[in-house]
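Q:
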Amino acid sequence: MNKAVVLDWDTVSTGDIAKEEIFSPGEMTFYGLTKPEETAERIGDSEIVLCNKVLITDEIMKACPNIKYIGLFATGFNNIDIKAAKDRGITVCNAGSYSTDAVAQHTFALILQHYSKVSMYREYTESGKWITSPTFSAFPYPMYELAGKTLAVVGFGSIGKAVAKIADAFGMNVIVNTRTKPENSRFEVVSIDDAFRRADIITFHCPLTEATKGAISRERIALMKKDAIIINTSRGPVADEQALADALNSGKIAGAGLDVLEYEPMRKDCPLIGAKNCIITPHVAWAPLETRRRLIGIVNQNIRSFLNGTPENVVNS
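0 is the number of the first residue of the sequence shown in numbering that gives the first Met the number 0; add one for each residue after it.
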C-alpha cells in the first residue's frame, strides 16, 4: 500500500475528467491547487507525488523524506529540482508526446486567425454591418493565402514535425531550424537568423534552454519582413516580450500569436497586453479533453511501471 498525493488537480481537470481516472496505488489525496507554503505539509509522508507545476525543491524533499516518486502531468520538469531528487534516490517521470496533435492544431488556429480573420468577421456580422453592406461580400479586413508562404519551424521534434506536415498540406514552403539535422526530411535546414530573415511566419516548438531563452530577440526581429508574423506555443521565455511588443506597436512586424508567456498567469504589467495585432491565449494548446486523457494514461502507466520496478520516462536517471 503506497500513500500518494496529487497537488494541483485543477490544472488537469475542470471537472470533465474524474479523479477516479487516476491510477491509485493505495491511499490517494487530491488537492485542487497548492501554494508554495502548503507543499511540504500536503506531501507529508506520501511516497508518490503527482503534480503539474508545483515547485518541489530540495528543501521540500528534505522535509518529506518518504518521497520515492514524483510524477508530472507535463513534459517540462523545470519545477522539480532534478539533481536533488537524484541525490535523494527519488525517481522523477514526465509525460512526453501526449500533446503533439493538439499543439500543432492550436498553432494553426493562431496562424489562421491572422490570415483569415475569422473572429473579426464574426464580430462584423454579429454587429449588423453585413446587413447594411452595399455589396454581397464585405471584406474590410485583409486576408491572405497560406499557399506559397514560407513557414520557418524552430525546433523539429514531434510537434515541429506535425506543424511542418500541416503546412505542407497547405502548400507552404517549409524551412527548419533545429540542433541536429533531421533524418529522412525533405525540408531545408537553415540557421536561426536565416529563419527569421526568410519567414513569412516563424513558429517556435523548441525546449527552453540557455540557447533558446530570448531567441525571439530585438536583433532577430529586425531581420524579419515587415509583413511577417511570429507564433510561439513552446515556452514563454523564448521571447523577449518587450522587444516583441515594441516591434508590434511600431509596425516592424505584422503580428504575433502566443500561447505562452514569460510569467503565467499573465501579469498586469506584461508589455504584450494591448500590443498591436497580438493574439494571446492562456496556455491552452495542450488542453483539449482527448489530450488530457492521453496525458493521464501516460501518468498512470508511469506509476505502474515504477511500482513494477521498471520505471519509464525517467528524467533524472
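Glycine included, each C-beta is placed from N, C-alpha and C at the ideal position.
Is the beta carbon of T124 sitting closer than 8 Å to the one on G95?
A: No, these two residues do not count as a Cβ contact at 8 Å.
Q: DSSP on A194, reduced to helix/strand/coil?
A: Of the three classes helix, strand and coil, the one that applies to A194 here is helix, per DSSP.
Q: State the DSSP-derived secondary structure class of Y68, mapped to helix, strand or coil.
A: Strand, per DSSP.
Q: With distances taken from CA atoms, which of A255, I279, K275 and G254 is nearest R266?
A: Selected option, being the one with the closest Cα: I279.
Q: I need the straight-line Cα distance from I302 to N51, nearest angstrom please.
A: If I take the Cα positions, the gap works out to 15 Å.
Q: Tell me which residue opens and which closes the beta strand (DSSP E) that A151 is part of.
A: Residues T149 to V153.
Q: Please report how far the alpha carbon of P264 lies from the alpha carbon of P281, in whole angstroms.
A: Taking the straight line from one Cα to the other gives about 8 Å.
Q: Have a look at A101 and A286 and give me their C-alpha separation to the nearest angstrom.
A: Straight-line Cα distance between these residues: approximately 8 Å.
Q: Per DSSP, G50 forms a beta bridge with which residues?
A: Per the sequence presented here, residue 50 reads as Cys, with Gly not at that position. Answer is L71.
Q: How would you call A244, buried or exposed, if buried means at least 16 neighbouring beta carbons within 10 angstroms?
A: Buried is the call here.
Q: Is V259 helix, strand or coil by DSSP?
A: Three-state DSSP puts V259 in coil, outside helix and strand.
Q: Using 10 angstroms around the beta-carbon of I66, count the other beta-carbons present and answer buried if the total reaches 16, otherwise exposed.
A: With 16 or more Cβ atoms within 10 Å of its Cβ, I66 is classed as buried.
Q: Quick one: using the 10 Å Cβ neighbour count with 16 as the cut-off for buried, is N307 buried or exposed?
A: Result: exposed.
Q: Determine the contact status of I16 and R291, defining contact as a CB-CB distance below 8 Å.
A: In this structure, R291 lies closer than 8 Å to I16 by Cβ.
Q: For T10 and F72, which I take to be in contact (beta-carbon distance under 8 Å), what is that distance rounded to the nearest angstrom?
A: That pair is a contact at about 7 Å.
Q: What does the alpha-carbon distance come out to for the pair T202 and V153?
A: Cα to Cα, T202 sits roughly 6 Å from V153.
Q: Does the contact criterion of 3 or more C-beta pairs under 8 Å hold for the stretch 107-118 versus the stretch 132-149?
A: Judged by Cβ distances under 8 Å, the stretch 107-118 makes contact with the stretch 132-149, as three or more pairs qualify.
Q: How many angstroms separate the CA atom of S233 from the CA atom of Y262?
A: Approximately 13 Å between the Cα atoms of the pair.
Q: Determine which residues share a DSSP beta bridge with N176 and list them.
A: Answer by DSSP bridge pairing, in chain order: V153.
Q: Which class does F29 belong to by DSSP, given the choice of helix, strand or coil?
A: Looking at F29 - three-state DSSP - the assignment turns out to be strand.
Q: Reducing DSSP to helix, strand and coil, say where E36 ends up.
A: The answer is helix: DSSP assigns E36 an H, G or I state.
Q: Using 10 angstroms around the beta-carbon of V173, count the other beta-carbons present and answer buried if the total reaches 16, otherwise exposed.
A: V173 should be labelled buried.
Q: Give the DSSP-derived three-state secondary structure of A242 in the structure shown.
A: Residue state, collapsed to three classes: helix.
Q: Excluding the 5 residues flanking M223 on each side, which residues of the same chain have their C-beta closer than 6 Å to its C-beta?
A: Same-chain partners within the cutoff: F195 and I252.
Q: If I measure Cβ to Cβ from M60 and keep anything under 8 Å in the same chain, skipping five residues before and after, which residues do I get?
A: Closer than 8 Å at Cβ, skipping near neighbours: I66, D80, A83, A84, R87 and I89.
Q: Just reading off the alpha helix (DSSP H) that I272 is part of, what are its end residues?
A: Taken as a continuous stretch (DSSP letters only), I272 belongs to no alpha helix (DSSP H), as it is neither H nor E.
Q: Run through DSSP, which three-state label would G159 get?
A: Three-state result, G159: helix.
Q: DSSP puts F22 in a beta bridge; with which residues?
A: Answer is none; F22 lacks a bridge partner.
Q: Output the distance between the C-alpha atoms of Q112 and V237, rounded to the nearest integer angstrom.
A: If you take the alpha carbons of Q112 and V237, they lie about 22 Å apart.
Q: Which residue marks the beginning of the beta strand (DSSP E) containing N231, and which one marks its end?
A: Residues I228 to N231.
Q: Going by other Cβ atoms of all chains shown within 10 Å of its Cβ, with 16 needed for buried, is T99 buried or exposed?
A: T99 comes out buried.
Q: Do R219 and D258 come within 8 Å of each other at the CB atom, strictly closer than that value?
A: No.
Q: If you draw a straight line from the C-alpha of Q151 to the C-alpha of P181, how long is it?
A: Note that residue 151 is Ala in the sequence shown here, rather than Gln. Rounded to the nearest angstrom, the two C-alpha atoms are 15 Å apart.
Q: Tell me I79's beta-bridge partners as DSSP assigns them.
A: I79 pairs with I55.
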